[in-house]
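The numbers in the sequence shown follow the numbering used here, run straight up by one, and end at 161.
Before any comments, here is the structure.
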Amino acid sequence: MAEACGNCGKETPHAVSVELKTESDKEENAEFSREPYRVAKCRVSGEKTSTRMNNA
């Protein structure tokens, strides 16, 4: 998938995935604080960006 890359300054191929990230530092709340993030990694520069899906 081609996307704009801030590091390259142009559209480049990216690997895109969805990851669940834990947002709470407290162990007892960790299982309830996972949120989906869209993660895109530039295949040219290696720059990685993540966006919380609830905010996308």
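Don't be surprised by glycine CBs; every beta carbon is placed ideally from N, CA and C.
This one's a predicted model, so the numbers in the text were calculated from it and none came from an experiment.
Collapsed DSSP secondary structure at residue i in the structure displayed
i	result
E77	Residue 77 cannot be examined here, being either before or after the span of the chain that is shown, 106 to 161.
Extent of the continuous beta strand (DSSP E) run through residue i
i	result
V144	139–147
C110	107–110
E124	115–127
Status (buried if at least 16 other CB within 10 Å, exposed otherwise) for residue i
i	result
C113	exposed
Cβ-Cβ separation, residue j to residue i (assumed contact under 8 Å), whole Å
i	j	result
P141	V123	6 Å
C-alpha distance - residue i paired with residue j, whole-angstrom precision
i	j	result
C137	V144	At residue 137 the sequence reads Phe, which differs from the Cys that was named. If you take the alpha carbons of F137 and V144, they lie about 21 Å apart.
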